[in-house]
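Report on the following structure.
Residue numbers (the numbering used here), protein chains in the order written: chain A, 477 to 744; chain B, 10 to 265.
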């Protein structure tokens, strides 16, 4: 029902929409530049001690130095690998557990209090146990990442599965659908927006988990750089690693947003 | 029971049904008897909350009575999978599926998704004005067209009995009159047997050959009427002088 001929009124509306979007993009970039400018100025004029707050130019110089000595890709690669592995395991295992709990009401009722307790538990409390179990390598960090993300994945997906429209389930049952058919034809497709929402939350959780893991047990990675920088009072290194983290987390979120655009049709 | 020429398509014999909750037991249907003849359109009306939808769920085999017998052509309803087409209050089209994929959904579920069955279902869609909209998504269609698509989906597996649960109640009044006319034409055109539950007396008179009046909960039959409007469309029935007389009679029987 698309109208190929665009009226003058509609063309003006589209121009306004385009202009609004451009203004928002420019304003976003402006806010960033303004913050960086204030930060640089505060450091340059020593209103605040640059040793404490560093500065954008010092951060850029630190990143360039890390790049030159070849350690930037090593540390970024380490953290990225741990985060992505933990994210993938938490999301897939969490979705699978949620499916099982949807399938069996009895299992759901049995495990509900355990899920609530594990969700409330500060995962950092398990740090010493994790080191004993997995040592101080990547395995411990991936485990911590999974631990932080998995309950969020379970709770989000279970909520999505249980919110399936009851009337649509009745409709499928009236067609003679089996439980597996109800799951594959209705419950999973209708929970797709919830799945994307869960991915978005788990992106943040995965970065929290991997950096937390690197704080307690690591020899490489951005979390390691932050801890090391703090210990030797190299705030430039702390700020540089933090900013790289921001960029990576934003990139991962953008990928999920792209997946959302590709997988979910927006209403016309 | 063996099938004879007089065997009804669907029969309820002394049916009882109760809902169980932690708060107690609620008798929803009591000693309900009625039967549906081949090719007829029966409407079931009753006060709000009397158990009309429960009657339809029992007929579809989604609920089981604790006493009495429900039979399809003389055989227990639990042995009659695939004989019913169920249409709910809202169209319940799946928003992530195109109209084409929505229409063939019952074929996929019933493992009847053959080329021939798909063609037959899609030809129905074309016959009733949805041919140009098969690649559209439900949110791109009007409420009336969505309801028509829902009916074609219900007809796709060629069910023997259509169970209609207030299928027009979610539509605005004007659309409801038009869609009601369309749906009546399609059901008559396809020579289907239909059981409609509705709270709307006018809708029942304008569509049905016979009307079963139910009591307040627990639902039981209060009266069964032959309406005698068979040759007329729903819109023509509404203009008939007998229409208001039927309305008054049924209104009194409902005793709301």
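We put the CB at the ideal spot given by N, CA and C, even for glycine. Since the structure is predicted, the reported quantities are computational estimates derived from the model, not experimental observations.
In the three-state scheme derived from DSSP, where H, G and I count as helix and E and B as strand, residue 84(B) is classed as strand. Excluding five sequence positions before and after residue 600(A), the CB atoms of its chain that fall closer than 8 Å to its own CB belong to 688 and 692, given in chain order. By the rule that beta-carbons nearer than 8 Å mark a contact, residue 646(A) touches chain B.
Under DSSP, residue 486(A) shares a beta bridge with no residue. In the DSSP assignment, residue 39(B) falls within the unbroken beta strand (DSSP E) covering 33-45. In this structure, DSSP gives residue 218(B) a state outside helix and strand, which the three-state scheme calls coil.
Residue contact with chain A for residue 201(B): absent (no Cβ-Cβ distance below 8 Å to any residue of chain A). The C-beta distance from residue 215(B) to residue 256(B) rounds to 10 Å, too long to fall under 8 Å, and the pair is not in contact. Neighbourhood of residue 118(B) in chain A, by CB distance below 8 Å: 648, 651, 652, 653, 657 and 661, in chain order. For residue 248(B), there are no neighbours in chain A by C-beta distance under 9 Å, as the nearest C-beta there is about 34 Å away. The DSSP-derived three-state label of residue 234(B) is strand. Between residue 220(B) and residue 208(B), the C-beta gap is not smaller than 8 Å, which leaves the two residues out of contact. Residue 113(B) has its alpha-carbon roughly 43 Å from the corresponding atom of residue 496(A). Closest in C-alpha terms to residue 58(B), from the list 72(B), 82(B), 227(B) and 232(B), comes 227(B). At a Cβ-Cβ threshold of 8 Å, residue 67(B) and residue 24(B) count as neighbours. Contact annotation: in the region 482-493 of chain A, no residue has its CB less than 7 Å from a CB in chain B.
Following the DSSP letters along the chain, one finds residue 690(A) inside the alpha helix (DSSP H) bounded by residues 668-692. Taking 8 Å as the CB threshold, residue 741(A) lines the interface with chain B. The Cβ of residue 105(B) sits closer than 8 Å to at least one Cβ of chain A. Annotation for residue 90(B): no alpha helix (DSSP H) segment contains it, and DSSP assigns it neither H nor E. For residue 665(A), the nearest CB of chain B lies under 8 Å from its own CB, placing it at the interface with that chain. Per DSSP, reduced to three states, the secondary structure at residue 651(A) is coil, with no helix or strand assignment. Between residue 196(B) and residue 93(B), the CB-CB gap reaches or exceeds 8 Å. In this structure, DSSP gives residue 20(B) an extended state, which the three-state scheme calls strand. The beta carbon of residue 636(A) is closer than 6 Å to those of 667 and 670 in its chain, skipping five residues each way along the sequence.
Excluding the 5 residues flanking it on each side, residue 718(A) has same chain C-beta neighbours closer than 7 Å at 702, in chain order.
The DSSP-derived three-state label of residue 179(B) is coil. Apart from the 5 residues on each side of it in sequence, residue 709(A) sits with its Cβ closer than 8 Å to the Cβ of 527 in its chain, given in chain order. For residue 72(B), same chain residues with a beta-carbon under 7 Å away, outside a window of 5 residues either side, are 26, 63 and 66 in chain order. Residue 251(B) has its alpha-carbon roughly 11 Å from the corresponding atom of residue 258(B).
Residue 79(B) sits in a strand when the DSSP states are folded into three classes.
Ranked by Cα distance from residue 128(B), the first of 230(B), 183(B) and 164(B) is 164(B).
DSSP places residue 554(A) within a helical segment (H, G or I) once states are collapsed to three. Minimum Cα-Cα distance from residue 36(B) among the listed residues 224(B), 248(B) and 238(B) corresponds to 224(B). Secondary structure note for residue 740(A): it is in no beta strand (DSSP E), with a DSSP letter that is neither H nor E. In this structure, the CA atom of residue 705(A) is about 30 Å from the CA atom of residue 565(A).
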